[in-house]
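Visitor: Here's a structure for you.
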Amino acid sequence: MSDEVQDPTPAFELRSAVDDRDLIARVRAGDGAAERLLYDRHVDRVYRLAYRLAGDPDLARDLTQDTFVRAFEKLGTFRGESAFSTWLHSVATSVALNGLRRVRRLRRYETDLADGAAVADGTREAEPDLKIRLRQAIDGLPEGYRTVFVMHELEGYTHDEIAGALGVEVGTSKAQLSRARARLREALADFAGEWTR
Amino acid sequence: MTVDDRDDMLDARLRELARDYHEPPAPPREEMWAAIAARRAAPRVLVGRRAWTWGLAAAAVLAVGVGLGRWSAMRGPAPAALPGADAPAAADAPLRVAATQYLTRAEALLTGMRSGSVPVDAQFLASARELLSMTRLLLDSPLSQDPQVRGLLEDLELVLAQVAQLEPATRGAADLDLITDGLNQRGVLPRLRSAIPAGPAALGAGGEL
Numbered sequence: 000m001s002d003e004v005q006d007p008t009p010a011f012e013l014r015s016a017v018d019d020r021d022l023i024a025r026v027r028a029g030d031g032a033a034e035r036l037l038y039d040r041h042v043d044r045v046y047r048l049a050y051r052l053a054g055d056p057d058l059a060r061d062l063t064q065d066t067f068v069r070a071f072e073k074l075g076t077f078r079g080e081s082a083f084s085t086w087l088h089s090v091a092t093s094v095a096l097n098g099l100r101r102v103r104r105l106r107r108y109e110t111d112l113a114d115g116a117a118v119a120d121g122t123r124e125a126e127p128d129l130k131i132r133l134r135q136a137i138d139g140l141p142e143g144y145r146t147v148f149v150m151h152e153l154e155g156y157t158h159d160e161i162a163g164a165l166g167v168e169v170g171t172s173k174a175q176l177s178r179a180r181a182r183l184r185e186a187l188a189d190f191a192g193e194w195t196r
Numbered sequence: 000m001t002v003d004d005r006d007d008m009l010d011a012r013l014r015e016l017a018r019d020y021h022e023p024p025a026p027p028r029e030e031m032w033a034a035i036a037a038r039r040a041a042p043r044v045l046v047g048r049r050a051w052t053w054g055l056a057a058a059a060v061l062a063v064g065v066g067l068g069r070w071s072a073m074r075g076p077a078p079a080a081l082p083g084a085d086a087p088a089a090a091d092a093p094l095r096v097a098a099t100q101y102l103t104r105a106e107a108l109l110t111g112m113r114s115g116s117v118p119v120d121a122q123f124l125a126s127a128r129e130l131l132s133m134t135r136l137l138l139d140s141p142l143s144q145d146p147q148v149r150g151l152l153e154d155l156e157l158v159l160a161q162v163a164q165l166e167p168a169t170r171g172a173a174d175l176d177l178i179t180d181g182l183n184q185r186g187v188l189p190r191l192r193s194a195i196p197a198g199p200a201a202l203g204a205g206g207e208l
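Which chain is which? The protein sequence lines are A and B, in order. Going by numbering that gives the first Met the number 0, the first residue of the first sequence is number 0, and it counts up by one from there. Going by numbering that gives the first Met the number 0, the first residue of the second sequence is number 0, and it counts up by one from there.
This is the structure we're talking about:
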């Protein structure tokens, strides 16, 4: 079975790289309208990835804004050796993963502030719902596995795109996806009968 | 059916079930663009990363006081070090830690308030007042010569002053909504996060510090 998702190729993919290069040149020349056009072209996919990883609208919005601010600031370092979308998604994943690491620290701090009060998620353990268990299992994946799983399985990135965004080998992306799937199958083993209905 | 066939079938079902995982809503394009444009339009005067570090750290040390302050005093007055790019990295490491703690606390408090996950109680308000004092100290420091830093601190001062005036027993949702709107419109949290390094091991390797 192929690793590639069978969903239709996003319209995003069909846009000409030449157009992106033209816009980038205009942005570098100080054309604010070109910034907006570049943003409009790529924001949906960046936001979707940020939301899938963060699971929170405020955080997804912040991460998306951070991604574009940093991308515009660092546009001078983009040399066109890869597609702009690949470069932009390397910024987006870096911003998102760093941001989420901070959030995990904040949540620990918040737990301290709440003096160890029970977190709302506590009730999920007892809820025998397959999708809830799946969500918990995905949340519990190691960061690298979860990132690749989300990008590939949910957002339809190819392994080439993931490798470019995360700065890893294509083989690493494939291996992490395979391990993520295995972990999820294992985590949901007691639902196996329900899966195949 | 082989094990591989069964795994393939389960993986396909897994993918189907997982589509609901953090299903994204429509992106708030205009709202995000407004915040991006505002941040892009903010004046950027690059005083230098080490100046940022020393200025903020010096102010943090003044507030936190005692040990680090003594250490700093032994090395001479902090403002003299502000423009310096030659200070050894090891020497300003404790100061960077103090500054990072201040920024991290501010971010934690405001993020918790915005998400509603932290109760607005006496402890919360005490933290807000302490951070407000720290912010005002920083505004009086040489650090505020950097317009970007000053803008962030002024926004923080405004928000923290509003937060510090909340009454735990009588606070209305409207007050919090107003404060949260201000936070979002001015992009305070993303700017704050940009100023914090990615992690303790990466101090000085990311963010503004």
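We put the beta carbon where it would ideally sit given N, CA and C, even for glycine.
(1) So which of A:Leu22, A:Ser84, A:Tyr156 and A:Asp43 has the shortest CA-CA distance to Ala33 of chain A?
(2) How many whole angstroms separate the CB atoms of Ala188 of chain B and Glu106 of chain B, which I take to be in contact at a CB cut-off of 8 Å?
(3) Confirm, please, whether the CB-CB distance from Arg190 of chain B to Leu157 of chain B is below 9 Å.
(4) Examine chain A for any beta-carbon lying closer than 9 Å to the beta-carbon of Leu13 of chain B, and answer yes or no.
(5) Does Asp30 of chain A have its Cβ less than 9 Å from a Cβ in chain B?
(6) On the three-state DSSP scale, how would you describe Glu142 of chain A?
(7) According to DSSP, simplified to helix, strand and coil, what is Arg78 of chain A?
(8) Assign Asp6 of chain A to buried or exposed, taking buried as 16 or more other Cβ atoms, counted over all protein chains shown, within 10 Å of its Cβ.
(9) For Gly54 of chain A, decide whether its Cβ has a neighbour in chain B, counting only Cβ atoms nearer than 9 Å.
(10) Using a C-beta to C-beta distance shorter than 7 Å, which residues of chain A count as neighbours of Asp10 of chain B?
(11) If the cut is a Cβ gap below 7 Å, which residues of chain B does Ile23 of chain A touch?
(12) Between Arg124 of chain B and the rest of its own chain, which residues show a CB-CB distance below 8 Å, the 5 nearest in sequence each way excluded?
(13) What separation, rounded to the nearest whole angstrom, lies between the Cα atoms of Arg184 of chain A and Val147 of chain A?
(14) Just checking my contact of Leu159 of chain B with Ala127 of chain B at CB under 8 Å: how many whole Å lie between their CB atoms?
(15) For Thr134 of chain B, I'd like the list of residues in its chain whose CB is within less than 7 Å of its CB, leaving aside the five on either flank, ordered along the chain.
(16) Should Glu142 of chain A be flagged as near chain B, meaning a C-beta pair shorter than 9 Å?
(17) Please go through the same chain and pick out, in chain order, the residues whose beta-carbon is closer than 8 Å to the beta-carbon of Arg78 of chain A, but skip the five residues on each side of it.
(18) Please check the pair Phe83 of chain A and Asp19 of chain A, which I expect to be a contact at CB under 8 Å, by giving their CB distance rounded to whole angstroms.
(19) Can you list, in chain order, the residues of its chain with a C-beta nearer than 7 Å to that of Thr179 of chain B? Leave out the 5 residues immediately preceding and following it.
(20) Is the stretch 154-167 of chain A touching the stretch 133-140 of chain A in the sense that three or more CB pairs, one from each, lie closer than 8 Å?
Guide: Checking against the coordinates, here is how it stands:
(1) Taking only the C-alpha atoms, the option nearest Ala33 of chain A is A:Leu22.
(2) The question names Ala, but residue 188 of chain B in the sequence shown is Leu. That pair is a contact at about 7 Å.
(3) No, they are not a contact pair.
(4) Yes, its Cβ sits closer than 9 Å to a Cβ of chain A.
(5) No - not a single Cβ of chain B is within 9 Å of the one on Asp30 of chain A.
(6) Helix, per DSSP.
(7) In the structure shown, Arg78 of chain A sits in coil (DSSP, three-state: anything other than H, G, I, E or B).
(8) Summary for Asp6 of chain A: the model assigns pLDDT 43, below 50, so the residue's position carries little reliability; its value from the coordinates is reported in the next sentence. Exposed, by the Cβ-count rule.
(9) Nearest CB-CB separation between Gly54 of chain A and chain B: below the 9 Å threshold.
(10) Against chain A, a Cβ distance below 7 Å from Asp10 of chain B picks out Arg180.
(11) In chain order: nothing, as chain B lies at least about 16 Å away.
(12) Inspection of the sequence shows that residue 124 of chain B is occupied by Leu rather than by Arg. Here the set comprises Val162, Ala163, Leu165 and Pro167.
(13) Those two C-alpha atoms are separated by around 16 Å.
(14) That pair is a contact at about 5 Å.
(15) Excluding residues up to 5 positions away in sequence, Leu152, Leu155, Glu156 and Leu159 lie with their Cβ nearer than 7 Å to the Cβ of Thr134 of chain B in the same chain.
(16) Using a CB distance cut-off of 9 Å, Glu142 of chain A does not count as an interface residue toward chain B.
(17) Closer than 8 Å at Cβ, skipping near neighbours: no residue.
(18) Their Cβ separation, rounded to whole angstroms, is 4 Å, which keeps Phe83 of chain A and Asp19 of chain A in contact under 8 Å.
(19) Residues Arg113 of the same chain have their beta carbon placed closer than 7 Å to that of Thr179 of chain B, with the five preceding and five following residues left out of the count.
(20) No, the stretch 133-140 of chain A does not touch the stretch 154-167 of chain A.
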